[in-house]
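Numbering (this note's numbering), first residue to last: 29 to 310.
In this text, a Cβ means the ideal position worked out from N, Cα and C, and glycines have one as well.
Written below as structure tokens is the structure these notes are about.
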Amino acid sequence: MTDWHEEGLYPDVRTRYKIDKVLYESSTEHQKMRLLVHPRLGKILTLDDVTQTTEKDEFIYHEMMTHVPILAHGAARRVLIIGGGDGGILEEVLKHPGVEKATMVEIDAGVVEFSKLYLSEICKGAFEDPRTDLVIADGFAFMADSPEKYDVIIVDSTDPEGPGEILFTREFYRHSKERLTPGGVMVTQNGVPFMQAEELRTSATHLRNYFADVSCYLATIPTYVGGAMAMGWATDNAALRKVAVETLEARFKPLNLNSRYYTPEVHKAAFALPPYVGELLL
Ligand code: SAM
Numbered sequence: 029m030t031d032w033h034e035e036g037l038y039p040d041v042r043t044r045y046k047i048d049k050v051l052y053e054s055s056t057e058h059q060k061m062r063l064l065v066h067p068r069l070g071k072i073l074t075l076d077d078v079t080q081t082t083e084k085d086e087f088i089y090h091e092m093m094t095h096v097p098i099l100a101h102g103a104a105r106r107v108l109i110i111g112g113g114d115g116g117i118l119e120e121v122l123k124h125p126g127v128e129k130a131t132m133v134e135i136d137a138g139v140v141e142f143s144k145l146y147l148s149e150i151c152k153g154a155f156e157d158p159r160t161d162l163v164i165a166d167g168f169a170f171m172a173d174s175p176e177k178y179d180v181i182i183v184d185s186t187d188p189e190g191p192g193e194i195l196f197t198r199e200f201y202r203h204s205k206e207r208l209t210p211g212g213v214m215v216t217q218n219g220v221p222f223m224q225a226e227e228l229r230t231s232a233t234h235l236r237n238y239f240a241d242v243s244c245y246l247a248t249i250p251t252y253v254g255g256a257m258a259m260g261w262a263t264d265n266a267a268l269r270k271v272a273v274e275t276l277e278a279r280f281k282p283l284n285l286n287s288r289y290y291t292p293e294v295h296k297a298a299f300a301l302p303p304y305v306g307e308l309l310l
């Protein structure tokens, strides 16, 4: 009898994935973790039955959540990742030799240990990199209490349910402003606007209390159901969103990233928002 995983993010839209194998299933104090094997997507990590990342399409989200802010900034030395338990964001951040320290604040040690064991295709050696500073803590508390500042902040959280909910609050964004160096930029996992419009609208409203330039950019991740996904953008340096493609190219080329989604042209185009998304930011 064929086994199926049913995506649990939406009450009224269910997508199902044929499962060849359940590699791992357990619960931590924070969430239920499953690692499934799909004939086309490879390994699928779910938390509380919501797809987090898959072996075959993870490159899209992880490349766009990292190279866009880091190459727009141009001189990021210290990067803060909130969430990111699978290590995919961390792995991409560490491809930038200019990054001297990557601090990753993940609430669930179980996701990190599990990803090191079962998702090495995604995290590779990122957790062992000498520049990695792994902190097991609630991202909200860290953002509020840390005395540190960062050039780029990447909020790679689950959706605004369970432990991730607090990472979409006005208070969290207020503290994130305190953690950014002048001219720094924060990007956030901000859902699929066609399905989660209010999430993006609310985040943008909260962020505008603290940042001069609030927008988002888009990328389509096949397993984030409902069309293009929004990556929230918040900074006081409006020029960061307008960096010329030639400048991005000059920063990108020497890295030899061999990226499979990110290019400077894709970077620029990602900020061209269709009206149904743009209107959520007004
Ligand atoms: N790319 C995925 C997405 O777009 O939904 C997110 C991947 S990553 C697995 C999400 C991580 O956020 C998980 O490891 C989860 O444990 C972590 N997380 C959730 N709430 C958190 C919090 N309050 N503080 C720190 N990490 C949190």
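When you compare only the Cα positions, how much space is there between isoleucine 135 and alanine 262?
23 Å
Confirm, please, whether the CB-CB distance from alanine 258 to threonine 248 is below 7 Å.
no
Please confirm whether any heavy atom of the ligand NAD lies closer than 6 Å to the CB of glutamate 57.
Because the ligand NAD does not appear in the structure shown, any question about it cannot be addressed here, the ligands present being the ligand SAM.
State the DSSP-derived secondary structure class of arginine 106, mapped to helix, strand or coil.
strand
Identify the continuous alpha helix (DSSP H) that holds tyrosine 238 and give its terminal residues.
No alpha helix (DSSP H) contains tyrosine 238, which DSSP labels as neither H nor E.
Should glutamate 134 be listed as close to the ligand SAM, given that the test is whether its C-beta is under 6 Å from any heavy atom?
yes
Does DSSP classify arginine 159 as helix, strand or coil?
coil
Considering just the uninterrupted stretch of the alpha helix (DSSP H) at arginine 207, what are its terminal residues?
198-207
Per-residue DSSP class, three states only, for aspartate 136:
coil
Is the beta carbon of serine 185 within less than 6 Å of some heavy atom of the ligand SAM?
yes
Kindly list the residues whose CB is nearer than 6 Å to the CB of serine 287, restricted to its own chain and excluding five residues on each side of it in sequence; keep chain order.
Glu91
Quick one: grab the DSSP three-state call for aspartate 76.
coil
From proline 39 to phenylalanine 280, what does the alpha carbon distance come to, in whole angstroms?
41 Å
Take the Cβ of glycine 306 as the centre, count every other Cβ of all protein chains shown within 10 Å, and call the residue buried at 16 or more, exposed below.
exposed
Quick check on isoleucine 182: does DSSP put it in helix, strand or coil?
strand
If you follow the alpha helix (DSSP H) that arginine 279 is in, where does it begin and where does it stop?
273-280
Alanine 267 in three-state terms, based on DSSP:
helix
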